[in-house]
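Just so we're aligned, residue 1 is where the sequence shown starts under our numbering, counting upward by one.
Okay, so here's the structure we're looking at.
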Amino acid sequence: MTLNVGIIGTGWFSKVHADILSKMEGVSVKAFVGTSQEKAEKAVQGYPSAKAYTDVAQMLDETKPDAVYICVPPFAHGEIERQLVDRKIPFLVEKPLGVSKEVPQDILKRVTDSGLITSAGYHFRYTDAALKAAEILRERKIGMALGYWMGDMPQVYWWRKQEGSGGQFIEQTTHIVDLLRYLLGEVDEVYAAFAQRAMHEIHDGVTVHDVGTVTMKLKSGAVATISNTCMLPESEQVGLTIYTEQGSVDVKSDKLIVQEKGGLAEYPNGANPYQRESEAFIHAVRTGDTSRILSSYEDAFKTMEITYAALRSAETGMPVKI
Ligand SMILES: NC(=O)c1ccc[n+]([C@@H]2O[C@H](COP(=O)([O-])OP(=O)(O)OC[C@H]3O[C@@H](n4cnc5c(N)ncnc54)[C@H](O)[C@@H]3O)[C@@H](O)[C@H]2O)c1
Numbered sequence: 001m002t003l004n005v006g007i008i009g010t011g012w013f014s015k016v017h018a019d020i021l022s023k024m025e026g027v028s029v030k031a032f033v034g035t036s037q038e039k040a041e042k043a044v045q046g047y048p049s050a051k052a053y054t055d056v057a058q059m060l061d062e063t064k065p066d067a068v069y070i071c072v073p074p075f076a077h078g079e080i081e082r083q084l085v086d087r088k089i090p091f092l093v094e095k096p097l098g099v100s101k102e103v104p105q106d107i108l109k110r111v112t113d114s115g116l117i118t119s120a121g122y123h124f125r126y127t128d129a130a131l132k133a134a135e136i137l138r139e140r141k142i143g144m145a146l147g148y149w150m151g152d153m154p155q156v157y158w159w160r161k162q163e164g165s166g167g168q169f170i171e172q173t174t175h176i177v178d179l180l181r182y183l184l185g186e187v188d189e190v191y192a193a194f195a196q197r198a199m200h201e202i203h204d205g206v207t208v209h210d211v212g213t214v215t216m217k218l219k220s221g222a223v224a225t226i227s228n229t230c231m232l233p234e235s236e237q238v239g240l241t242i243y244t245e246q247g248s249v250d251v252k253s254d255k256l257i258v259q260e261k262g263g264l265a266e267y268p269n270g271a272n273p274y275q276r277e278s279e280a281f282i283h284a285v286r287t288g289d290t291s292r293i294l295s296s297y298e299d300a301f302k303t304m305e306i307t308y309a310a311l312r313s314a315e316t317g318m319p320v321k322i
């Protein structure tokens, strides 16, 4: 039986997901919803079964999708998810869940009450590097971790606005925070220092911080620090290094580096993590078996709580308990 999928959003990431979905057996991309008819018409090009919409409710009424992908900017969450929960339509939502905790908290309650199948776009969890790191770390004593997202500023208009994206730590570095939770467990307390150093002088209308560092105490007793900047001319370093009594385990976007006494081993990523993420979600929608989904809405909300706590800590100058 063909599984029909609707996609909300017409930007870069909608296309990444649509391309993967349209190559999957028994899956049909039926619709794109955009903020204008023109954008939606442009998005459907190359997907012969897809129709263009500007209204989510109309798309849901007419195409009756079995599942929906939500690929909108952080500020645009809320009403879309509410409609999907009301109609009991499983969804995969791109990270982050919102610009702050408020909207995701409301959606979380609805998702939990309804028992709906959901997935959040924390694709790092599906990389070979993260999966192998999880396996290695099971046998080790973790002391601490050092995470980083050192890059440039994405040029989409909403990213540079605090109310549009939530800022770099909430929007982008959230991947590293989520990876930290996946590999090291839950966070208890955060203390953050953020600042605006250069980007507000280079570009008009920049209200997000462009440097930040966040110290975390974990429930296990381990400690971690995750830093980020978006003031570089190009993207440079993204990753999470975990320090253990047997050496370090370094998860990068494209590989895992394991350093032990007297040796270093590198494991490059093989499979496409976005494809694995979609396969896990589509399998869950088809069969009801959610065991392959590595990040649900409920789980992703815990990552949102930490990134939002970091923002509050940076604003108040005080540590924040999770
Ligand atoms: N997991 C990843 O690796 C990854 C990578 C890139 C982007 N993303 C996430 O995907 C999301 C979208 O990013 P993008 O790069 O595609 O952004 P984008 O700006 O290229 O596209 C966003 C699209 O959403 C549309 N939109 C805005 N509000 C809408 C609404 N209410 N209804 C329907 N459409 C609406 C916009 O018109 C635009 O077409 C972001 O949350 C981003 O963090 C995730």
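Ideal Cβ placement from N, Cα and C applies to all residues, glycine included.
Taking the straight line between their C-alpha atoms, what separation do you get for residue i and residue j?
i: residue 69; j: residue 210; result: 30 Å
i: residue 194; j: residue 24; result: 42 Å
i: residue 174; j: residue 197; result: 21 Å
i: residue 200; j: residue 2; result: 49 Å
i: residue 186; j: residue 306; result: 10 Å
i: residue 177; j: residue 32; result: 30 Å
i: residue 171; j: residue 137; result: 27 Å
i: residue 27; j: residue 313; result: 44 Å
i: residue 98; j: residue 262; result: 45 Å
i: residue 72; j: residue 246; result: 42 Å
i: residue 154; j: residue 112; result: 33 Å
i: residue 130; j: residue 183; result: 8 Å
i: residue 91; j: residue 12; result: 18 Å
i: residue 242; j: residue 44; result: 43 Å
Considering only residues of the same chain and omitting the five flanking positions on each side of residue i, which have a CB-CB separation below 6 Å?
i: residue 253; result: 238
Is residue i helix, strand or coil when you go by DSSP?
i: residue 8; result: strand
i: residue 101; result: coil
i: residue 322; result: coil
i: residue 306; result: helix
i: residue 53; result: strand
i: residue 273; result: helix
i: residue 294; result: coil
i: residue 232; result: coil
i: residue 22; result: helix
i: residue 250; result: strand
i: residue 68; result: strand
Which same chain residues end up closer than 8 Å to residue i when comparing Cβ atoms and leaving out the 5 residues on each side of it in sequence?
i: residue 30; result: 4, 5, 6, 49, 50, 51, 63 and 65
i: residue 236; result: 150 and 151
Can you list, in chain order, the residues of its chain whose CB lies under 7 Å from that of residue i, leaving out five sequence neighbours each side?
i: residue 293; result: 119, 280, 281 and 284
i: residue 286; result: 3
i: residue 37; result: 52 and 54
i: residue 83; result: 56, 57 and 60
Quick one: using the 10 Å Cβ neighbour count with 16 as the cut-off for buried, is residue i buried or exposed?
i: residue 101; result: buried
i: residue 168; result: buried
i: residue 47; result: buried
i: residue 156; result: exposed
i: residue 216; result: buried
i: residue 147; result: buried
i: residue 165; result: buried
i: residue 300; result: buried
Next on the checklist: Restricting to runs no shorter than 4 residues, where is the alpha helix (DSSP H) found entirely within the stretch 78-128?
Outcome noted: With a minimum length of 4 residues, the continuous alpha helix (DSSP H) runs that stay inside the stretch 78-128 are 79-86 and 102-114.
Next on the checklist: Restricting to runs no shorter than 4 residues, where is the alpha helix (DSSP H) found entirely within the stretch 171-210?
Outcome noted: Residue ranges of uninterrupted alpha helix (DSSP H) with 4 or more members, entirely inside the stretch 171-210 and ordered along the chain, are 174-184 and 199-202.
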